[in-house]
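All residue numbers for the sequence shown refer to my numbering, where the first residue is 1390 and numbers rise by one. Ideal placement from N, C-alpha and C gives every residue a C-beta, glycine not left out. What follows is one structure encoded as C-alpha cells, with my remarks underneath.
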Amino acid sequence: MNQTPFFKRYKQETWDALQISGNSKILDVACGVGFDVIGLARRFPRADVFGLDSAHGFLGLARERARGLPNALFVGGDSRSLPFGDRVFDGVRIDRSLQHISAPIEALREMVRVTRKGGRIVVAEPDWGTYFVYNGNLETGAKMARLWEKSFANPYIGRELGVLLQKCGVENIGCRAHALVVRSLDAAEIIFDLTRVTENCVSAGVLTRDEAEDWSGASKAASQSGAFLACLNIMLWEGSIPD
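Below, the structure is given as C-alpha cells:
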C-alpha cells in the first residue's frame, strides 16, 4: 500500500515538511517495519534517522530491511513516554498511528519535548468522519462506514490535530488535506478490508445477511462499470517548536 501513488505522494510531503538538511537528527514515531525511516535514511545519508515502535516484531523486520544503512536506527518504546532526552531531534513525525493510540495528546507532548527549539513536528492522520463507500446503496454504505469508524480509538484525530498541536505549544501550524479516492473494489478491499467489515456488520446486527450479500453484489457491479467510489481524507499537519 505504501508504494501506491497516493501514499507515496503524501508521504513525500511529510518528508519535505521535516525540512531536513545536513546532519539532521530525525525521529519517526510508531515506525512499524521502517518504511519511512529507510526511505529518509537513503534520501538523506548524512542525517541520523531513528524509528521507534512498541512492537518488537516490527522492529526486527525493520532492522533486517535496513541492513547496510548505518544512519537508520531503531529503538523500542512507547510513543507516550519516549526514551530520549529533551530537545534531541531536529524533526519528529508520526503517520497514521495516533488514530490507534489512547490519549494521543500524550504522544504529541512527548514529540514536542524531544524536538529542539525551531525544530519541526509533522503528523499525518485520517479523519474517518470523511470516509464513505458508495455503490448505489447510500444507506448500507453509511452503516458500514460508521461501524468501521467505531473500530478506531480516535476516528476524528485528523480534524482534531490543529487544536491538539496548539495545546502542546506548537507554532506556525499548517494543514493540507489529501483525498484518497478509490475507484476499484479490489483496491478498496486491500485498503479498507471491506469483506471483514461486511462480516462485522452482520455479526453486530447492523446488516442482515441478505443486505450484506446485496451490498457485495452491487459493489462488484459498480466496480465493473466504473461507478464504484470510496473516499477518505488524510490530514497532514505541520508546525515548529518555539525558539
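- Counting of Cβ neighbours within 10 angstroms places L1553 among the buried residues, the total reaching 16 or more.
- At least 8 Å separates the beta-carbon of L1583 from that of C1590.
- For N1589, no pairing in a beta bridge is given by DSSP.
- In the structure shown, D1475 falls within a coil segment according to DSSP collapsed to helix, strand and coil.
- Of M1500, G1547 and N1543, the smallest CA-CA separation from A1513 is found for G1547.
- Judged by DSSP in its simplified three-state form, K1397 adopts helix.
- When the five nearest sequence neighbours on each side are left out, the beta carbons in the same chain lying within less than 8 Å of the beta carbon of R1598 are those of V1591, in order along the chain.
- When DSSP states are grouped into helix, strand and coil, V1418 belongs to the strand group.
- By a beta-carbon distance limit of 8 Å, F1617 contacts S1608. Their separation comes to about 6 Å.
- Of all alpha-carbon atoms in G1518, A1542, N1524 and N1543, the one lying nearest the alpha-carbon of A1534 is that of G1518.
- Counting along the chain, F1581 sits inside the alpha helix (DSSP H) bounded by residues L1574 to F1581.
- Separation of F1463 and R1482 (C-alpha to C-alpha, rounded to the nearest whole angstrom) is 14 Å.
- Counted as a single uninterrupted DSSP element, the stretch harbouring G1423 is not any beta strand (DSSP E), since DSSP gives it neither H nor E.
- The segment 1446 to 1460 makes contact with the segment 1415 to 1429: 3 or more CB pairs, one atom from each, lie closer than 8 Å.
- The secondary-structure analysis by DSSP pairs S1470 across a beta bridge with D1467.
- Per DSSP, L1487 lies in no alpha helix (DSSP H) segment and is marked neither H nor E.
- Of all C-beta pairs linking the segment 1424 to 1443 to the segment 1498 to 1515, fewer than three are shorter than 8 Å, placing the two stretches out of contact.
- Annotation for A1610: the continuous alpha helix (DSSP H) segment containing it runs R1598 to S1614.
- Taken through DSSP and simplified to helix, strand or coil, A1430 comes out as helix.
- When the beta-carbon positions are compared, L1441 and W1404 stay at least 8 Å from each other.
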